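Asker:
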Amino acid sequence: MEWTTSGDDVFLRLDPGEEIHASLQALADTIDLNAAAVTSGIGRVRASVYGFMDDDHVYHRRTIEGGAELVALQGNLARHQDGHAFTHLHVVLSDDDLVPAAGHLFEATVHVTAEIHLRRMDAALAMRCPLENSQFTALRLGDEV
13 MEWTTSGDDV FLRLDPGEEI HASLQALADT IDLNAAAVTS GIGRVRASVY
63 GFMDDDHVYH RRTIEGGAEL VALQGNLARH QDGHAFTHLH VVLSDDDLVP
113 AAGHLFEATV HVTAEIHLRR MDAALAMRCP LENSQFTALR LGDEV
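In our numbering, the protein residues as written are 13 to 157.
1. Would you mind stating whether residue 114 and residue 87 have Cβ atoms separated by less than 9 angstroms?
2. Alpha carbon to alpha carbon, how far is residue 31 from residue 125?
3. With the cut-off set at 9 angstroms, would you say residue 85 and residue 52 are in Cβ contact?
4. How about residue 60 and residue 130: do their beta carbons lie closer than 9 angstroms?
5. Please report the straight-line C-alpha distance between residue 90 and residue 101, rounded to a whole angstrom.
6. Quick one: Cα of residue 17 to Cα of residue 38, how far?
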């Protein structure tokens, strides 16, 4: 991973074998990042696990084992109530037949590269806390933190 900053903007490149969530969380610890918007991400990934949450608050997962284009990546980063960095990401992937797949990103390993932009939100009060009766970890903001 390589990264650079300009004001509140952080731009990073992930290399083959790096997992997206783990890399963003490690970067957050390295640069003391407590909250950020993940505004864009492109590249090529493999072993991608994505999915959706149903109306009963249960996640359903799908996997693309081989390579896929990372067409779009967005989401946010906040600290969990126990202090560790937590990333919530959504993704659009495209297989080699150009068939798109989209949803919540559970994991993806960089195959060629991933180029990702973050916007720091240092003054934001944001924390992730488990949501009762749900697999979702909710984002709490402002006075709720």
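Built from N, CA and C at the ideal position, the CB exists for glycine as well. In this text, all values refer to a predicted model and were calculated from it rather than measured experimentally.
Answerer: Answer, in terms of the structure:
1. no
2. CA-CA distance, residue 31 to residue 125, rounds to 11 angstroms.
3. yes
4. no
5. 11 angstroms
6. 16 angstroms
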